[in-house]
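In the working numbering, the protein residues as written are 1 to 138. Cβ atoms here follow ideal geometry from the backbone N, Cα and C, with glycine treated the same way.
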């Protein structure tokens, strides 16, 4: 079973746990009480469930995430233009992975803490190849 390691922005381990291979990352984080915003309920619409993946960067990403990030970059949000930033609702854990949440409940003010999330990636994923640069462990 893959191990999920959650770190803070200083790289300090906050939590470690194992999940079944194929588990959606957002679901795993919620189930293990990791503080992460997920306003749209995990449907690739709001981008609040962003994570930086420090180790175990996936080699594929969903078309929904790619399109959402392209729109964000075009609208002047450069934080989306990084090979290790993913929507946790669009990541399936298949190998050991180390992540940090981009937005936590303490770091932003929201009217809603987010809906519950589905077990599977939604919308139905169209997987695209994702090149991980050598300098990022690819």
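Does the distance from the CB of residue 15 to the CB of residue 34 come in under 9 Å? One thing to note: residue 15 has its Cβ within 9 Å of the Cβ of residue 34.
When the Cα of residue 46 is compared with those of 53, 57 and 71, which residue comes out closest? 71
Length of the line joining the Cα atoms of residue 108 and residue 124: Confidence at residue 108 is low in this model, with a pLDDT of 44, below 50, so the placement of that residue is unreliable and no value is reported for it.
Is the Cβ-Cβ distance between residue 7 and residue 54 less than 9 Å? yes
Output the distance between the C-alpha atoms of residue 110 and residue 48, rounded to the nearest integer angstrom. Since pLDDT at residue 110 reaches only 44, below the 50 mark, its modelled position is unreliable, and the value read off the structure follows with that caveat. Cα-Cα distance, rounded: 10 Å.
For residue 100, three-class secondary structure by DSSP: strand
For a quick check, are the C-beta atoms of residue 87 and residue 28 less than 9 Å apart? no
Can you tell me whether residue 112 is helix, strand or coil according to DSSP? With a pLDDT of only 46 at residue 112, under 50, the local geometry of the prediction cannot be trusted, and no value is derived from it.
In whole angstroms, give me the CA-to-CA distance for residue 59 and residue 98. 15 Å
Can you tell me the Cβ-Cβ gap for residue 100 and residue 9, rounded? I've got them flagged as a contact below 8 Å. Taking C-beta atoms under 8 Å as the contact rule, residue 100 and residue 9 qualify, at a distance of about 6 Å.
Jot down the residue ranges of each uninterrupted alpha helix (DSSP H) in the region 54-94, minimum 4 residues, whole runs only, in chain order. 63-74
Run the CB neighbour count on residue 13, radius 10 Å, all protein chains shown included, and call it buried at 16 or more, exposed below. exposed
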